[in-house]
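Here the structure comes first, spelled out in structure tokens, and everything after it is commentary.
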Amino acid sequence: MSDAGKLRIDKWLWFARVVKTRSAAAALCEDGSVRLNGSRVDQAHKAVRIGDVVTVALTGRIKVLKVVSLAERRGPFSEAQHLYEDLSPEPPRFEPPSPVAEREAGSGRPTKSERRDLDRLRRPDD
């Protein structure tokens with residue numbers, strides 16, 4: 009691993025195993041899902057240096073990573089963990105959804121007006 013210089017952000021995300029492919033890393037950058045030191049990255053060729061903070065918005069979670077080292081190749085996961093320090097906030101605790109429109113067992117089929125009320129509950133935007 010080289011600790012000097014700079015590296016493209018899409019390569020670093022791929023080396024650090026944040027994403028599975030380099031093209032997926034480039035797509036994240038172009039979508040605006042990556043921030044480098046608080047500013048939005050819109051191109052995959054932006055340079056990452058040691059000490060930079062990279063924020064990545066992935067599906068369902070946000071990763072905040074501080075660049076500790078730069079790599080020369082994509083190594084195993086144990087090696088990739090040494091490239092960054094994870095500053096991500098803890099994920100929110102899972103809370104099961106509240107039973108909003110449950111009917112009592114044995115209450116039978118809903119009437120037409122009850123069904124419309126249930127539809128209004130499920131789709132409040134209409």
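Residue numbers (my numbering): 9 to 134.
We put the CB at the ideal spot given by N, CA and C, even for glycine.
The structure displayed is predicted, hence computed values, not measured ones.
- Item | Close Cβ partners of D11 (< 7 Å) along its chain, the five nearest in sequence each way excluded | Stepping through the sequence shown from its first residue, residue 11 is reached at position 3. With a pLDDT of only 47 at D11, under the threshold of 50, the placement of this residue in the model should not be trusted, and no figure is reported.
- Task: Would you kindly report the start and end of the unbroken alpha helix (DSSP H) that includes D18?
- Result: Translated into the one-based positions of the sequence shown, residue 18 becomes position 10. Unbroken alpha helix (DSSP H) run through D18: I17 to F23.
- Message: Suppose only complete runs of 4+ residues qualify. What are the alpha helix (DSSP H) ranges in the stretch 42-77, listed by chain order?
- Response: Whole alpha helix (DSSP H) segments, 4+ residues: zero.
- Query: Do V61 and K14 have their C-beta atoms within less than 8 Å of each other?
  - Reply: For the purposes of this step, residue 61 is taken as the residue at position 53 of the sequence shown. For the purposes of this step, residue 14 is taken as the residue at position 6 of the sequence shown. No.
- Task: Identify, in the order they occur along the chain, each residue of the same chain with its Cβ nearer than 6 Å to the Cβ of R117, setting aside the five sequence neighbours on each side.
- Result: Taking the first residue of the sequence shown as position 1, residue 117 is located at position 109. Closer than 6 Å at the Cβ level, and outside the excluded window around R117, lies no residue.
- Query: Leaving out five residues before and five after L73 in sequence, what residues of the same chain have Cβ atoms less than 8 Å from its Cβ?
  - Reply: The sequence position of residue 73 within the sequence shown is 65, counting from 1. Excluding residues within five positions, the ones whose Cβ falls inside 8 Å are A24, V26, V61, V62, T63, V64, Y92, E93, D94, L95 and S96.
- Message: Within a Cβ cutoff of 8 Å, which residues of the same chain sit near I70, ignoring the five residues on either side of it in sequence?
- Response: As a working mapping, residue 70 is identified with position 62 in the sequence shown. Within its own chain, the residues whose Cβ lies closer than 8 Å to the Cβ of I70, once the five positions on either side in sequence are excluded, are T63, V64, S96 and P97, listed in chain order.
- Taking all protein chains shown into account, decide if D39 is buried (16 or more other Cβ within 10 angstroms of its Cβ) or exposed. What you label residue 39 is simply residue 31 of the sequence shown in a count that begins at 1. So D39 ends up on the exposed side.
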